[in-house]
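Residue numbers (UniProt numbering), protein chains in the order written: chain A, 1 to 391; chain B, 1 to 391.
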């Protein structure tokens, strides 16, 4: 058995980690695993039980003698509120610490009405969802929010988000935390989607790239099972990578950006130019599904353009899995075929030999599940638990 | 104080970690920091002293009473042998666990003579270096080797290395370990160079990309202060990324690869085509230094080509620092200007705002220092120490 690497005795958080990742344990087993005395183990278990992180029961398979008391992770007792807010839609869920979804809903919601109106609605909708699940705010230990723009993760404040007027620098955690009485974590949508897909794909994936293809195009990156946010939290911003041989104007002011040739807006514009009614990526996918050949060709070509940019990134990053999500991913095989075609023809054989390229398993739930994962990992981090439970 | 996150009591390795990262400590301080009893602390310190990882002394600044015994990391007692093997050159060093270089040498060495002849020479050269430093093999606790080709890091075996005939699958750690009596770690040259530069740039850099520009072009990647090797250990292999608008044939069999337009071999070939004598990247840089305008233009353009590929990668990865190393980096400002020119014009402002782009601080010592860092971090990992010292 190895020992604690940071030089401190295992606290309540470490005990919880053992119970969370495995089967229920007796006091004696926990003392043996940690090197702590039985009395210290008991004292820490008392704290965990008092805060309802752990539940005590009898071991029914114990053979002979009186049944031993076993201690188990109590995933159902405490709750997380998770929201994935898009430009025009929101998905909210009440999820327990064992990652079971107790209640969820989607709604139309314009993020451009500003933070107070948007978050006010979110706070109310969370309370309604809690009531629907027969639970209340006192059981909530954290709130996770995904936003459709850059976020300074440490402070939870949006940073110059292009499609979120009024949100720049707004203290989302303070405002929402005051109303919900729990810590609030915020990150951008692609990062939480990557966390969600990584959770769904566990445990075998070390390095994952999640590509959101919608109005915008961006990546969430997992390196060594951890989110790679980059030096300014800007990692994954591939939407404005220059695509060779294109002079298409982009909404960012440059020309030839990936978004300008493969974003939902550019596909819809191309359809409108041929007299076909289409507003955004969802319309393009709907037209494709209805058999429109022009829409099908556009989606396939968008996949190729994304694949061309990702081909270099596959050589650089050597991911285990690439997951395509966002509205355009609902085009399924058509977009996947385009992405695969260019990555397999342009990336190195060693990097593509075992590379999985697939559509999101969680679909439009990736963001809300990832927002919950972000909170659960924070709330159950040993340091967090130790700060709550006096040793 | 936080507690051990993996649920086990702090062992000798954890105590060593405290001493290594800070000032010398008394028994009482160590007991307080770890939550261990003073007798357990004493027992673990005895083991560390016996193995010479730790040294005991008197605290000279102790005020009043008799001086307290303090315990300190004994970085000078044990040694690492490190070698950076290139296609035609080798650099070897004897380095202690505090990362002081005790002896070093460079030599011409053809890696294509195969593993036994090459490594036999390396083993002999290490023994000579040890003698020169007045030390011997009994003090060596690990050996680190950087090789100029892909390596399966877990086994230390080269994997289809293109310029190393006879090395494919050769068990470098077994062969060399049997001769030197210490564990041997092996990785490819760009990975150890990245480790070396990250060590030199510490502590502020979380995300670093090291680009080696020589005959070949490749990256070593640090994400969250850890080496990102990728799913097949192939991360950083950007030499065969397709460059727009080039049809130059590459030694890999494809056309338009980055190496085919910016590698040392292609620059030398371009000079030879104009009747100028040049064999590889070192000749190109030497010609540039001698004032040859054609060589200068080639180096500058190579920087631009590398910058064009890296511009997308900067958007994707958002590194804190990009370090240019390898032979071509000796061209200094000329190559740097080319790389900067394209990255700053093509990457997103947020990702380049605080981005450092510079030439290697360690120069041609980056590889050998990084090979030592790889071994020191392994040898002093708490789990490793705990396995050696019975708890």
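Beta carbons are placed, not taken as given, at the ideal position from N, Cα and C, and that holds for glycine.
Query, Result
"What is the DSSP secondary structure of residue 171 of chain B, reduced to helix, strand or coil?", "coil"
"Throw me the rounded Cβ distance for the residue 145 of chain A and residue 319 of chain A pair, which I believe falls under 8 Å.", "Contact doesn't hold; Cβ gap of about 26 Å is too wide."
"Which term fits residue 160 of chain A, buried or exposed, when burial requires 16 or more other beta carbons within 10 angstroms of its beta carbon?", "exposed"
"Relative to the alpha-carbon of residue 365 of chain A, which residue among A:9, A:172, A:99 and A:135 has its alpha-carbon at the smallest distance?", "A:99"
"Among A:231, A:164, A:197 and A:12, which one has its Cα closest to the Cα of residue 353 of chain B?", "A:231"
"Residues in the same chain with beta-carbon distance under 6 Å from residue 109 of chain B, minus the five sequence neighbours each way, listed in chain order, please.", "90"
"For residue 136 of chain B and residue 377 of chain B, what's the separation of their Cα atoms in angstroms?", "22 Å"
"Applying the criterion that 16 or more other CB atoms from any shown protein chain within 10 Å of the CB defines a buried residue, is residue 349 of chain A buried or exposed?", "exposed"
"When burial is assigned at 16 or more other CB atoms within 10 Å of the CB, is residue 7 of chain A buried or exposed?", "Any reading at residue 7 of chain A is ruled out, since the residue's pLDDT is 47, under 50, leaving its predicted position unreliable."
"Tell me the residue span of the beta strand (DSSP E) that contains residue 54 of chain A.", "54-58"
"Evaluate residue 266 of chain A with the Cβ neighbour count: other Cβ atoms within 10 Å of its Cβ, from every protein chain shown; 16 or more gives buried, anything less gives exposed.", "buried"
"If I follow the unbroken beta strand (DSSP E) through residue 185 of chain A, where does it start and stop?", "184-188"
"So the beta strand (DSSP E) residue 392 of chain B belongs to, where does it begin and stop?", "In the structure as shown, chain B starts at 1 and stops at 391, and residue 392 of chain B therefore has no counterpart that could be examined."
"Anyone know if the C-beta pair for residue 86 of chain A and residue 189 of chain A falls short of 8 Å?", "yes"
"Is the segment 301-314 of chain A touching the segment 331-345 of chain A in the sense that three or more CB pairs, one from each, lie closer than 8 Å?", "yes"
"What span of residues does the alpha helix (DSSP H) with residue 108 of chain B cover, start to end?", "Segment 101-108 is the beta strand (DSSP E) holding residue 108 of chain B; no alpha helix (DSSP H) there."
"At the level of alpha carbons, what is the spacing between residue 119 of chain A and residue 176 of chain A?", "7 Å"
"Determine the chain D residues that contact residue 309 of chain A at a beta-carbon separation under 7 Å, and present them in chain order.", "Included in the structure are the protein chains A and B, with no chain D among them."
"Suppose you measure from the CA of residue 174 of chain B to the CA of residue 220 of chain B; what does that come to, to the nearest Å?", "25 Å"
"Between the segment 70-81 of chain B and the segment 50-57 of chain B, can you find at least three pairs of beta-carbon atoms closer than 8 Å?", "yes"
"Roughly how many whole angstroms lie between the Cα atoms of residue 346 of chain A and residue 247 of chain B?", "14 Å"
"When the Cβ atoms of the segment 321-333 of chain A are set against those of the segment 277-288 of chain A, are three or more pairs found closer than 8 Å?", "yes"
"Is the CB of residue 225 of chain B under 8 Å away from at least one CB in chain A?", "no"
"On the criterion of 16 or more Cβ atoms from any shown chain inside 10 Å, does residue 252 of chain A qualify as buried, or is it exposed?", "exposed"
"Alpha carbon to alpha carbon, how far is residue 269 of chain B from residue 195 of chain B?", "32 Å"
"Please list the segments of the beta strand (DSSP E) lying wholly inside the segment 110-172 of chain B, counting only runs of 3 or more residues, in order along the chain.", "140-147"
"Can you tell me whether residue 367 of chain B is buried or exposed? The criterion is at least 16 other CB atoms within 10 Å of its CB, across all chains shown.", "buried"
"Output the boundary residues of the alpha helix (DSSP H) element that contains residue 42 of chain A.", "38-50"
"Where does residue 242 of chain B sit, in a helix, a strand or coil, going by DSSP?", "strand"
"Is the shortest distance between the beta-carbon of residue 71 of chain B and the beta-carbons of chain A less than 8 Å?", "no"
"Assuming residue 82 of chain A and residue 93 of chain A make a contact with CB atoms under 8 Å, what is their CB distance in whole Å?", "5 Å"
"Among residues of its own chain, excluding the 5 on either side of residue 193 of chain A, which ones have a beta-carbon nearer than 7 Å to its beta-carbon?", "210, 212, 220, 325, 366, 367 and 370"
"Quick check: the Cα distance between residue 323 of chain A and residue 277 of chain A, rounded to an integer number of angstroms?", "30 Å"
"Please check the pair residue 473 of chain A and residue 362 of chain A, which I expect to be a contact at CB under 8 Å, by giving their CB distance rounded to whole angstroms.", "Nothing can be reported for residue 473 of chain A: it is not among the residues displayed for chain A, which extend from 1 to 391."
"For residue 249 of chain A, write down the residues that DSSP places opposite it in a beta bridge.", "A:255"
"Residue 223 of chain B by DSSP, collapsed to three states: which one?", "strand"
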